[in-house]
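Below you'll find the structure, written out as structure tokens, and then a few comments.
Residue numbers (my numbering): 154 to 437.
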């Protein structure tokens, strides 16, 4: 297990005897063989717990997030599981038992706004857990982070970053993740980014062959920022730009004849796709 899979500080310090380490892994991101290899390290032991606590939805439970208690021995056993990179969303240090911790996290899989609207939430994704740590209400924050020493997540630079837990006297009882409308909107991400990501995955999945699923919305967000820099505001133009940026790269836009086409599309005179077809024929 190289340092990119674990926090750097773990390489340098001995694990306190009373602190347990847990990995939070989303199984849907792992191919079948990697799942088999992963759980082989837990053979004959019950040191893993699903966070979707609903036996009526076995598919979501099977494909969703699991909490795994990980010792140094198991870390070494994971050394060759390179495909685990995309599935591993967090490392958690806590004195709590795994079953108790999983039960504490389970309610966060559903979020509710002030109007009572509810939706599933992958609360453990790096940008979301960061927002919840900073913006969850005083009632919810101890319920989610109580009893945790440190929650490690990958920051934007992919380095492991720690969020401090909350010291509590008693174990959190039943709770619900209720958030303000402002936080609700933030947690659900940019609607354009999420919508375009889903559309491109459905219609042109080959664009994402070498892109980790958890990185796809971030990539689309970067592409749309580039579209902003060219002044493209129409939905159809931004869709066309995104497809060509992902399939052809920056070089597609760098020719001298491309600049006036982008400027013309930005002025709203003609659709970018029409300009490209007229100039080059149908884009590939």
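A virtual CB, placed ideally from N, CA and C, is assigned to each residue, including glycine.
Computed from a predicted model, the values in this text were never measured in an experiment.
Interface flag, residue i vs chain D, CB-CB below 8 Å
i, result
"residue 407", "Going by chain labels, chain D is absent from the structure shown, which holds only one protein chain."
Strand pairing of residue i, partner residues [DSSP]
i, result
"residue 179", "218"
"residue 245", "175, 304"
"residue 426", "For residue 426, which the question treats as bridged, DSSP gives no partner whatsoever."
"residue 265", "271, 331"
"residue 406", "In the DSSP output, where bridge partners are listed per residue, residue 406 has none listed."
"residue 201", "221"
"residue 434", "Paired residue(s): none; residue 434 is not in a bridge."
"residue 299", "319"
Which listed residue (the options) has its alpha carbon closest to that of residue i
i, options, result
"residue 334", "342, 328, 327", "342"
"residue 219", "228, 209, 188", "188"
"residue 346", "224, 272, 432, 376", "376"
"residue 171", "249, 318, 216, 262", "249"
"residue 371", "420, 424, 392, 309", "309"
"residue 185", "215, 162, 210", "215"
"residue 191", "227, 163, 209", "227"
"residue 302", "200, 245, 276, 328", "245"
"residue 182", "369, 420, 207, 316", "369"
"residue 421", "391, 432, 401, 400", "391"
"residue 429", "397, 404, 403", "397"
"residue 314", "283, 193, 401", "283"
"residue 363", "400, 266, 293, 404", "400"
Continuous beta strand (DSSP E) stretch holding residue i: start and end
i, result
"residue 157", "No beta strand (DSSP E) contains residue 157, which DSSP labels as neither H nor E."
"residue 279", "Taken as a continuous stretch (DSSP letters only), residue 279 belongs to no beta strand (DSSP E), being part of the alpha helix (DSSP H) at 279 to 288."
"residue 317", "313 to 317"
Residue range of the unbroken alpha helix (DSSP H) whose run includes residue i
i, result
"residue 192", "185 to 193"
"residue 398", "388 to 401"
"residue 367", "Residue 367 -> no alpha helix (DSSP H), and no H or E assigned at all."
"residue 254", "251 to 258"
"residue 417", "411 to 419"
"residue 348", "344 to 356"
Under 8 Å between C-beta atoms of residue i and residue j
i, j, result
"residue 247", "residue 173", "yes"
"residue 175", "residue 213", "no"
"residue 238", "residue 278", "no"
"residue 281", "residue 330", "no"
"residue 305", "residue 169", "no"
"residue 389", "residue 426", "yes"
"residue 328", "residue 264", "no"
"residue 259", "residue 206", "yes"
"residue 395", "residue 349", "yes"
**Request:** Decide yes or no for the touch test of the region 410 to 419 against the region 376 to 392: beta carbon pairs closer than 8 Å, at least 3 of them.
**Result:** yes
**Asked** Do the region 317 to 331 and the region 253 to 261 meet, that is, are 3 or more Cβ pairs less than 8 Å apart?
**Response** yes
**Item:** Cβ contact (3+ pairs, closer than 8 Å) linking the region 357 to 367 and the region 284 to 300
**Value:** no
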